[in-house]
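Per my numbering: the sequence shown = residues 2 to 274.
By construction, the Cβ of each residue, glycine as well, lies at the ideal position given by its N, Cα and C atoms.
The structure under discussion appears below in the form of structure tokens.
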Amino acid sequence: MTAMIMHNPTAMPLRPEASGFWRNSLAASLALALHAGVLVALVLGWSVDKPQVEAPAVLTTQLVMLAPPAAPAEPLPALAEVAPPPPPLPLPAAAPEPVRPRVDPQVQAQKLEQAALARKRVEDKKREQLQEQQRQQRERLEAEQRQRDTEQRVAQEQAQAQRAEQSRLAAERARRQAAQAAADSRQYQPLSKEAPDYPQRALDKNLEGDCTVEYSVNPQGRVENPRVIDGCHPLFMRPSLAAVATFRYQPRLIDGQAVTVPAVRNTFHYRIQ
Numbered sequence: 002m003t004a005m006i007m008h009n010p011t012a013m014p015l016r017p018e019a020s021g022f023w024r025n026s027l028a029a030s031l032a033l034a035l036h037a038g039v040l041v042a043l044v045l046g047w048s049v050d051k052p053q054v055e056a057p058a059v060l061t062t063q064l065v066m067l068a069p070p071a072a073p074a075e076p077l078p079a080l081a082e083v084a085p086p087p088p089p090l091p092l093p094a095a096a097p098e099p100v101r102p103r104v105d106p107q108v109q110a111q112k113l114e115q116a117a118l119a120r121k122r123v124e125d126k127k128r129e130q131l132q133e134q135q136r137q138q139r140e141r142l143e144a145e146q147r148q149r150d151t152e153q154r155v156a157q158e159q160a161q162a163q164r165a166e167q168s169r170l171a172a173e174r175a176r177r178q179a180a181q182a183a184a185d186s187r188q189y190q191p192l193s194k195e196a197p198d199y200p201q202r203a204l205d206k207n208l209e210g211d212c213t214v215e216y217s218v219n220p221q222g223r224v225e226n227p228r229v230i231d232g233c234h235p236l237f238m239r240p241s242l243a244a245v246a247t248f249r250y251q252p253r254l255i256d257g258q259a260v261t262v263p264a265v266r267n268t269f270h271y272r273i274q
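Spelled out as structure tokens, the structure:
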């Protein structure tokens with residue numbers, strides 16, 4: 002396919018004018034104006050563009066082979082709906098800078114003085130509390146000491162009472178033993194004895210009286226450690242001790258064994274007939 006390009010003439014034929022001076026002057030003026038316009042256009046950067054030539058239309062053919070129809074594809078599983086992300090939290094607004102009030106020096110001094118007084122009161126209160134705690138602790142210690150002293154005094158009194166009771170019981174036992182010994186001595190009679198001689202001086206003075214002698218009887222039945230009990234006249238002591246030395250007793254048996262019998266007494270009666 003071909004294309005035909007037609008170019009327009011750049012100049013049109015002038016109408017024939019009559020020759021002469023006016024024809025030449027008009028042509029010269031026109032030529033000068035054209036040259037001046039071209040020069041100005043060149044100075045200003047004007048260029049002559051070539052007219053664009055349209056490309057001839059071309060018909061292109063291509064052999065295409067179609068593939069057999071494919072089996073319908075299985076539908077894709079539906080995607081689970083995704084919840085849209087939560088909208089971003091709004092940023093907290095910046096707190097406005099506080100306006101610091103102007104502080105009066107006198108007011109500030111008063112506040113400092115009040116704070117010092119409050120601190121002093123707190124310290125005084127703490128000191129009083131500490132002193133109160135110390136006083137309570139001293140009182141508690143003193144009470145505990147008094148209680149310990151009381152308990153110790155009670156324990157001493159109880160110990161003294163116990164010792165007194167023990168002494169009383171011991172004295173009671175000794176008294177019972179003495180009474181028992183006296184009873185035994187009365188019942189424990191000698192197998193043989195000799196009467197004491199009446200002192201001649203007592204006869205001369207016509208003296209009468211009683212003399213009690215206390216002694217022990219050993220397992221062999223003999224008298225040991227004789228002594229005169231108070232209340233005996235001196236003239237009757239020697240004959241009483243001599244008479245006791247002649248006494249003989251039947252040995253006392255306890256659980257089949259002979260034992261010593263203490264605190265045996267015998268009373269001699271001196272009478273003038």
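Check whether GLY222 and TYR250 have beta carbons under 8 Å apart: yes
- request: Run the CB neighbour count on ASN267, radius 10 Å, all protein chains shown included, and call it buried at 16 or more, exposed below.
  value: buried
- prompt: Buried or exposed: which applies to VAL214, given that a residue is buried once 16 or more other Cβ atoms fall within 10 Å of its Cβ?
  reply: buried
query: What does DSSP give as the partner residues of ALA259 in its beta bridges?
result: LEU254
query: So what does DSSP say about ASN226, is it helix, strand or coil?
result: strand
query: First and last residue of the beta strand (DSSP E) that includes SER241?
result: Unbroken run through SER241 is the alpha helix (DSSP H), 235 to 245; no beta strand (DSSP E).
task: Report the three-state DSSP secondary structure of ALA81 (helix, strand or coil).
output: Low per-residue confidence applies at ALA81: pLDDT is 48, beneath 50, and the placement is therefore not dependable enough to give any value.
- prompt: Is it right to say ALA160 is buried, meaning 16 or more other beta carbons lie within 10 angstroms of its own, or is it exposed?
  reply: exposed
- prompt: How would you call ALA244, buried or exposed, if buried means at least 16 neighbouring beta carbons within 10 angstroms?
  reply: buried
- request: Using beta-carbon positions only, say whether SER217 and VAL265 come within less than 8 Å of one another.
  value: yes
- prompt: Based on the DSSP secondary-structure assignment, which residues constitute the bridge partners of TYR271?
  reply: GLY210
query: Between the C-alpha atoms of ALA172 and PRO197, what's the straight-line distance to the nearest angstrom?
result: 35 Å
message: Taking the straight line between their C-alpha atoms, what separation do you get for THR261 and ARG147?
response: 55 Å
field: Neighbourhood of ALA259 by C-beta, 6 Å cutoff - its chain only, sequence neighbours within 5 removed
entry: PRO220 and PRO252
field: Identity of the residues DSSP links to GLU215 by a beta bridge
entry: ARG228 and ARG266
message: I believe PRO200 touches PRO240 by the beta-carbon criterion, under 8 Å. Please report the beta-carbon distance rounded to the nearest angstrom.
response: 6 Å
task: May I ask you to report which of helix, strand or coil DSSP gives ARG149?
output: helix
- prompt: For the alpha helix (DSSP H) that ALA203 lies in, which residues bound it at each end?
  reply: 201 to 205
- request: Flag this pair as yes or no: are the beta carbons of CYS212 and PHE269 separated by less than 8 Å?
  value: yes
- prompt: Is the CB-CB distance between LEU236 and LEU208 below 8 Å?
  reply: yes
- prompt: So what's ARG249 in DSSP terms, helix, strand or just coil?
  reply: strand
task: Would you mind giving the Cβ-Cβ distance between PRO227 and ALA203, rounded to the nearest angstrom? I have them listed as a contact below 8 Å.
output: Not really, about 20 Å apart at Cβ, beyond 8 Å.
field: C-alpha distance - GLU225 paired with TYR271, whole-angstrom precision
entry: 23 Å
query: Roughly how many angstroms lie between the CA atoms of VAL44 and SER26, to the nearest whole one?
result: 27 Å
message: Between the alpha carbons of ARG120 and LEU142, how many angstroms are there, rounded?
response: 33 Å
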